[in-house]
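A short write-up of the structure that comes next.
Numbering (the UniProt record's numbering), first residue to last: 1 to 687.
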């Protein structure tokens with residue numbers, strides 16, 4: 001994946017991880033102390049070298065794009081028909097090197113007459129290691145203010161030998177995902193963005209993001225290219241309102257917002273209309289300036305940056321960024337007395353090709369295909385052949401989003417050190433991975449608090465503890481696939497199992513178990529699948545079963561979004577089901593009501609989630625946690641005023657017992673042929 005992708009670059013002589021304003025134009029090799037860790041992709045893999053203090057053997061690797069084009073241009077003269085003539089070194093395809101190609105270009109201009117000058121245009125894109133990954137698996141922002149698909153792109157104009165006798169000019173711009181917590185389904189051609197978390201948490205993460213950008217670049221000009229109509233409107237409005245709220249409150253300063261509806265402005269494939277955006281932002285572009293280096297050192301420093309985004313920060317973003325780069329190149333050459341028309345002059349197609357190659361590289365790294373609208377970026381023309389090619393690329397992206405990206409994302413997280421190698425054990429069982437940039441514990445705590453406010457109604461009912469655990473798909477069963485992550489609340493009155501919609505962050509239903517009705521609590525090994533090695537290890541698969549007598553104080557309520565939301569407890573008993581609680585042939589189950597019901601809860605195995613636990617804290621094993629929860633429930637049943645005699649009586653009656661819920665042998669028996677076939681097909685496709 002890494003060595004054959006063509007997406008990684010290194011240099012023995014120059015530090016590719018830092019922009020020109022930080023290196024001062026000095027071609028020094030990077031060192032551990034000088035390189036930028038934000039773009040150091042092999043940092044985790046190089047840990048053994050750092051530990052052994054042998055970092056001199058290390059060469060930092062950058063993911064992104066590096067491209068160069070040498071060209072020669074004739075000085076502009078009044079009434080000269082060839083004043084805008086440009087010859088690119090790329091015209092001589094058989095040239096063995098840059099020097100030969102430049103001589104060819106200069107000779108071509110010499111035949112026309114007049115003074116000419118040779119240049120080298122370098123384009124470097126640096127992809128951040130923070131929140132890095134693939135399209136629908138890494139969207140939006142994380143808790144530290146890092147955004148997905150964050151790429152710094154630097155356009156450098158210099159002499160072919162990088163001599164500072166002539167000024168070297170650098171212009172930097174960035175692209176990042178919309179700085180909000182949001183997600184989109186990979187199973188739709190036009191997925192609707194779903195915003196997560198509260199407004200306060202979104203604003204806090206956004207504040208961190210823009211503060212980091214200001215610390216790095218100075219002022220920030222936002223160029224949002226999402227649609228003002230349709231499915232993208234909601235997130236575009238949320239973005240604009242959040243920036244306005246932070247600005248008006250004084251929390252955010254020196255950040256300007258411009259919403260340019262790319263599809264509306266460029267309707268009819270008139271992508272050249274993106275020049276309207278350049279015209280709008282021209283005052284800020286001029287004010288930001290660029291970094292200029294001469295023999296005496298840094299002459300000017302860029303004081304701000306344009307932050308461009310669409311939904312994916314790929315296709316529309318690349319068209320806009322190439323337009324900004326085009327404006328700066330024309331501006332720089334005009335300052336030096338040369339006229340160049342990058343929009344209409346056929347001899348300048350090399351510039352479009354360079355930016356199109358950059359867009360394709362970034363798109364392949366994030367969406368696994370070349371960029372859409374690449375024909376316009378290359379030729380400044382848009383036709384229906386390009387539209388058909390875009391449709392083909394869209395289909396390829398759609399397939400990759402559903403199939404290939406999950407495993408690739410796991411590889412990226414391991415390479416960067418975000419997750420341990422054990423993530424592949426998780427992937428083997430679920431074909432998915434965790435997002436280390438999102439604090440899942442905070443999300444779970446918020447869900448627990450959300451459920452507490454909705455299900456605990458009595459003022460004198462006190463919450464003792466809350467957890468998130470896995471539960472079977474159907475109530476009163478031990479094993480109905482798929483298991484769902486639910487919120488479990490323990491009060492001094494009842495035990496609640498809340499089915500929570502984690503996408504919309506809303507309570508779907510809850511089951512209430514009166515503590516007085518609980519007759520037995522059993523905890524122990526709870527194996528629900530036998531398809532991977534980790535799923536069959538007893539110490540990582542444990543849970544508990546609460547047996548209780550159904551009554552009027554115990555109930556199940558379902559949120560139907562209407563006034564009628566009460567549902568009677570179901571009567572299907574896992575012990576009596578013909579399929580053993582798997583859900584198959586459930587219509588053959590006996591219809592007689594059971595004398596007792598069960599609430600099955602499986603502990604979530606968190607040992608593979610993060611690479612390192614904070615403060616060196618050890619993760620509690622599932623079996624130990626199941627036993628601890630069972631004891632918490634027992635103490636709640638007994639109450640604070642329990643006497644030693646009552647406690648001895650409960651111990652003799654063995655209210656809490658340790659025993660297998662589903663052993664490995666039993667789990668293998670319960671795994672049916674169709675379940676095995678389904679997993680085999682899924683594994684064949686996803687891995």
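For every residue, glycine included, the Cβ atom is placed at its ideal position computed from N, Cα and C.
Start and end of the alpha helix (DSSP H) containing residue i?
i: residue 450; result: 440-455
i: residue 629; result: 622-638
i: residue 420; result: Where residue 420 is concerned, there is no enclosing alpha helix (DSSP H), given that its DSSP letter is neither H nor E.
i: residue 58; result: That residue, residue 58, is in no alpha helix (DSSP H); it is neither H nor E in DSSP.
i: residue 23; result: 20-23
With H, G and I counted as helix, E and B as strand and the rest as coil, what does DSSP make of residue i?
i: residue 14; result: coil
i: residue 572; result: The pLDDT assigned to residue 572 is 45, lower than 50, so where the model puts this residue is not dependable, and the model offers no usable value.
i: residue 580; result: Only weak support is given to the placement of residue 580: the predicted model assigns it a pLDDT of 45, under 50, and the value that follows is read from those uncertain coordinates. Correct three-state label for residue 580: coil.
i: residue 133; result: coil
i: residue 357; result: helix
i: residue 553; result: coil
i: residue 408; result: helix
i: residue 40; result: coil
i: residue 603; result: coil
i: residue 67; result: strand
i: residue 211; result: helix
i: residue 664; result: helix
i: residue 127; result: strand
i: residue 8; result: strand
i: residue 178; result: coil
i: residue 53; result: coil
i: residue 537; result: coil
i: residue 155; result: strand
i: residue 183; result: strand
i: residue 192; result: coil
i: residue 476; result: coil
i: residue 362; result: helix
i: residue 28; result: coil
i: residue 33; result: coil
i: residue 199; result: helix
i: residue 669; result: helix
i: residue 413; result: helix
i: residue 458; result: coil
Bridge partners of residue i, per DSSP?
i: residue 118; result: 72
i: residue 520; result: 547
i: residue 689; result: Outside the shown range of the chain, which is 1 to 687, sits residue 689, and nothing can be said about it.
i: residue 45; result: For residue 45, which the question treats as bridged, DSSP gives no partner whatsoever.
i: residue 597; result: 548
i: residue 542; result: 525
i: residue 558; result: 509
Could you please give the first and the last residue of the uninterrupted beta strand (DSSP E) stretch that includes residue i?
i: residue 509; result: 506-514
i: residue 496; result: 494-501
i: residue 657; result: 656-658
i: residue 485; result: 484-491
i: residue 466; result: 463-471
i: residue 170; result: 168-175
For residue i, decide whether its Cβ has a neighbour in chain C, counting only Cβ atoms nearer than 8 Å.
i: residue 505; result: In summary, chain C is missing from the structure at hand, where a single protein chain is found.
**Message:** Threshold first: 4 residues or longer. Then list the alpha helix (DSSP H) segments lying entirely within the segment 219-306, N to C.
**Reply:** 233-248, 262-265 and 275-288
**Message:** Does the segment 656-665 come into contact with the segment 523-533, if we say contact requires no fewer than three beta-carbon pairs (one atom in each stretch) closer than 8 Å?
**Reply:** yes
**Uninterrupted alpha helix (DSSP H) stretches inside the segment 297-351 (no shorter than 4 residues)** = 315-335
**Message:** Whether or not the segment 196-210 and the segment 151-168 are in contact is what I'm after, with contact meaning three or more pairs of Cβ atoms, one per stretch, closer than 8 Å; do they touch?
**Reply:** no
**Request:** Take every Cβ of the segment 258-269, pair it with every Cβ of the segment 170-189, and state whether three or more of those distances are shorter than 8 Å.
**Result:** no
**Request:** Give a yes or no on contact between the segment 123-137 and the segment 48-67, applying the rule of three or more CB pairs nearer than 8 Å.
**Result:** yes
**Item:** Stretch pair the segment 465-474 + the segment 442-454: three plus CB contacts closer than 8 Å
**Value:** yes
**Asked** Counting Cβ pairs closer than 8 Å, one from the segment 277-296 and one from the segment 145-152, do we hit at least three?
**Response** no
**Item:** Validate contact between the segment 298-318 and the segment 221-239 using beta carbons, cut 8 Å, 3 pairs
**Value:** yes
**Prompt:** Is there contact here, the segment 8-24 with the segment 35-55, by at least three beta-carbon pairs under 8 Å?
**Reply:** yes
**Prompt:** Within the chosen definition, does the segment 46-59 reach the segment 327-336 through at least 3 CB pairs nearer than 8 Å?
**Reply:** no
**Request:** Check whether the segment 312-325 touches the segment 223-239, counting contact only when three or more Cβ pairs, one atom from each stretch, lie closer than 8 Å.
**Result:** yes
**Request:** Spell out a yes or no on whether the segment 351-365 and the segment 137-146 are touching, meaning 3 or more CB-CB pairs, one atom from each, closer than 8 Å.
**Result:** no
**Request:** Flag this pair as touching only if the segment 337-344 and the segment 245-260 have three or more C-beta atom pairs under 8 Å; answer yes or no.
**Result:** no
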